[in-house]
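Numbering-wise (our numbering), the sequence shown opens with residue 3 and increments by one.
Even glycine gets a Cβ: it sits at the ideal position worked out from N, Cα and C.
Below: one structure, written as structure tokens.
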Amino acid sequence: MRMGTPESIAKLYKRRGTPRFYITQELIEFYLRTLFFFFGVVFFVNVLGAVFQFFFKNWWEILGGMLNGIWIGCLISAIVITIVFVYFSMEGFLPE
């Protein structure tokens with residue numbers, strides 16, 4: 003008795019989402035919430051660090067460092083989160 007190839011058997015159980023660019027339609031809302039949450043965390047950490055440095059450095063150095071930290075932090079978090087969600091979309095992960 004032949005059951006078929008492993009790919010054909012797994013295809014029955016592995017559902018795919020509705021494609022939308024590289025991230026499926028079902029994951030896009032969760033992706034945006036996750037992205038904005040981490041942007042908020044990066045912003046809060048940089049502002050908190052700038053407040054503690056306020057007494058030791060000039061304000062323009064603090065402002066430049068804070069903006070640079072926010073930019074780099076948001077860029078890195080966006081890249082990592084996007085890679086993770088593209089992988090989830092390619093594997094067929096659907097939120098419950």
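Query, Result
"Beta-carbon gap between T36 and F87 smaller than 9 Å", "yes"
"Member of T7, I30 and G42 whose CA lies at the smallest distance from the CA of L2", "Residue 2 cannot be examined here, being either before or after the span of the chain that is shown, 3 to 98."
"CA-to-CA distance, L29 to F23, given in whole angstroms", "12 Å"
"Rounded distance between the beta-carbons of V44 and L66, thought under 8 Å", "According to the sequence displayed, residue 66 carries Gly and not Leu. Contact flag wrong, Cβ pair sits at about 16 Å."
"Residues of its chain near V53, where Cβ-Cβ distance is below 6 Å and the 5 sequence neighbours each way are ignored", "none"
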